[in-house]
Amino acid sequence: KKSYQNIAIIKRDILEVAQKELETVFNEGQSDLYFTYRIKDKDGRKILSYWFDIHTRQTEEQKRLDFGTTQAQIRRIMDICNTFIKRDKKYLTRVEKELTINPSNAAKVLEKLL
């Protein structure tokens, strides 16, 4: 079992190598994901931890399915809101606009309403 005392060595020998390899095969279409990383915590010049971002490739069919599902969720939310909040049209407009701008919130909002 190999142990690393310096985070710079881990970055150079493991993180950068793995990142380059995964990104290369992703760009060649041989992989559906790759990662990037950035510094999370530092103590002076010493790096204590990293954030890792996983990037995936969705097929066009997956994107259409996700879009259709999200649109159905937004319609359901608006139906519920229209049923219970009939008088405040400005509020309903703001809700719809927010869900259109941030569609990833639709599932969470619908779950809370049901």
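Residue numbers (this note's numbering): 1413 to 1526. All residues carry an ideal CB built from backbone N, CA and C; glycine is no exception.
Coarse secondary structure for Asp-1465, derived from DSSP in three states = Position 53 of the sequence shown, counted from the start, is the residue given in the question as residue 1465. Asp-1465 falls in the strand class under three-state DSSP.
Going straight from the alpha carbon of Ala-1420 to that of Ser-1461, what length do you get?
-> Here residue 1420 refers to the residue found at position 8 when the sequence shown is read from its first residue. Here residue 1461 refers to the residue found at position 49 when the sequence shown is read from its first residue. Using only the alpha carbons, I get a separation of about 11 Å.
Is DSSP giving Tyr-1416 helix, strand or coil here?
-> Here residue 1416 refers to the residue found at position 4 when the sequence shown is read from its first residue. Three-state result, Tyr-1416: coil.
When the Cβ atoms of the segment 1509 to 1519 are set against those of the segment 1476 to 1487, are three or more pairs found closer than 8 Å?
-> Segments in contact, yes.
May I ask you to list the residues that DSSP assigns as paired with Phe-1447?
-> On the sequence shown, position 35 is the one that residue 1447 refers to. BP columns for Phe-1447 point to Ile-1466.
From the DSSP output, in three-state form, read off Lys-1454 for me.
-> For the purposes of this step, residue 1454 is taken as the residue at position 42 of the sequence shown. Looking at Lys-1454 - three-state DSSP - the assignment turns out to be strand.
Environment of Val-1521 [buried if 16+ CB atoms lie within 10 Å] | Working through the sequence shown from its first residue, we reach residue 1521 at position 109. Around the beta carbon of Val-1521, a 10 Å sphere encloses 16 or more other beta carbons of the protein chains shown; the residue is thus reported as buried.
Strand pairing of Ile-1459, partner residues [DSSP] = As a first step, residue 1459 must be located in the sequence shown, where it is residue number 47. Within the DSSP secondary-structure output, Ile-1459 pairs in a beta bridge with Lys-1454.
Given Leu-1493 as reference, the closest of Val-1437, Leu-1427, Lys-1524, Thr-1468 once Cα atoms are compared = Against the sequence shown, residue 1493 aligns to sequence position 81. Here the sequence assigns Cys to residue 1493, which means Leu is not the residue at that position. Sorting Val-1437, Leu-1427, Lys-1524, Thr-1468 by C-alpha distance to the C-alpha of Cys-1493 places Lys-1524 at the top.
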